[in-house]
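Numbering (the numbering used here), first residue to last: 25 to 282. Every residue, glycine too, gets a C-beta built ideally from N, C-alpha and C. Note sheet for the following structure.
Right, here's the structure in full:
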């Protein structure tokens with residue numbers, strides 16, 4: 025069954041990790057995809073073989089740029105006729121730990137991408153969703169928004185704060201645009217084996233064995249794969265969740281329940 029047949033979806037951070045898995049899964053389920061990322065060459069490598077299908081568009085996007093967002097949404101609506109779904113997934117991590125070690129430049133850079141990027145994406149897409157009379161927004165946050173960091177030694181204060189703002193923004197959108205039949209939900213992955221996670225763990229000094237789950241990330245039975253999160257995003261984007269908004273879907277192997 026094509027769970028997203030005739031839907032048009034913008035997905036950020038689609039060149040790797042959760043965004044890549046989500047874009048490919050959406051494509052399998054019949055959606056037209058606007059796959060975006062700042063890493064244009066990697067994006068082309070992943071999606072050019074699929075572009076001939078006619079329902080995939082590859083766009084370079086700096087999510088922290090309001091002009092780029094507005095241009096993207098305008099061209100996407102012109103190319104595909106409408107926009108139904110926005111997946112705000114693009115994010116960066118930082119090797120900085122606690123607040124005393126984090127520089128203002130590092131804080132601002134991370135906030136511009138992880139938090140402002142989500143704000144700008146929603147602001148750009150909302151008029152089109154309102155015109156459609158419905159829509160689904162899924163924001164990818166992190167369990168760092170719920171627990172303040174994966175552990176005390178790698179607090180990642182800016183990352184945690186940025187994802188906390190995504191949590192609050194998601195609730196605001198859900199409350200204020202329910203009258204327009206626009207749903208907004210958020211997803212909270214735990215440890216997921218993505219290039220971003222691997223780099224963050226290596227920068228924090230963890231070994232390869234620890235990264236895959238035998239060390240400080242006790243997520244039974246394994247560290248998640250990107251597809252585990254993508255299926256949760258698929259549900260929230262699809263009409264199967266038509267009565268779901270303002271919810272927080274935690275996909276973490278039970279980490280926050282410990």
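At what residues does the beta strand (DSSP E) containing residue 34 begin and finish?
-> 32–35
Among 209, 168, 197, which residue has its Cα nearest to the Cα of residue 188?
-> 168
From residue 63 to residue 128, what does the alpha carbon distance come to, in whole angstroms?
-> 25 Å
Does the beta-carbon of residue 255 have 16 or more other beta-carbons within 10 angstroms, so that it is buried, or is it exposed?
-> exposed
Exposure of residue 192, with buried meaning 16 or more beta-carbon neighbours within 10 Å = exposed
Euclidean distance between Cα positions of residue 70 and residue 39 = Cα-Cα distance, rounded: 7 Å.
DSSP beta-bridge partners for residue 272?
-> 210
Does DSSP put residue 126 in a helix, in a strand, or in coil?
-> coil
Segment limits, alpha helix (DSSP H) that includes residue 156 | Its alpha helix (DSSP H) spans residues 141–156.
Return the Cβ separation of residue 212 and residue 273 in integer angstroms, given the expectation that the two are a contact with Cβ distance under 8 Å.
-> 7 Å
Determine the contact status of residue 141 and residue 36, defining contact as a CB-CB distance below 9 Å.
-> yes
Can you grab the Cα-Cα spacing for the pair residue 262 / residue 160, in whole Å?
-> 8 Å
CA nearest to the CA of residue 122, picked from 154, 99, 251, 183 = Residue 122 has its Cα closest to that of 183, out of 154, 99, 251, 183.
Apart from the five residues on each side of it in sequence, which residues of its chain come closer than 7 Å, Cβ to Cβ, to residue 113?
-> 35, 36, 37, 42, 43, 46, 164
Contacts around residue 84, its chain only, beta-carbon distance under 6 Å, and the 5 residues preceding and following it disregarded = 64
Give every residue of the same chain whose Cβ lies closer than 6 Å to the Cβ of residue 207, excluding the five residues on either side of it in the sequence, and list them in chain order.
-> For residue 207, where only same-chain residues beyond five positions count, the Cβ hits under 6 Å are 160, 269.
What residues in its chain sit with their C-beta under 6 Å from that of residue 153, if we drop five residues either side in the sequence?
-> Residues of the same chain with a CB within less than 6 Å of the CB of residue 153, apart from the 5 flanking positions on each side, are 159, 206 in chain order.
Is it buried or exposed for residue 180, if we count other Cβ within 10 angstroms and need 16 for buried?
-> buried
Give me the Cα-Cα distance between residue 106 and residue 93, rounded to the nearest whole angstrom.
-> 15 Å
Taking residue 98 as the reference, give the member of 72, 147, 53 with the closest Cα.
-> 147
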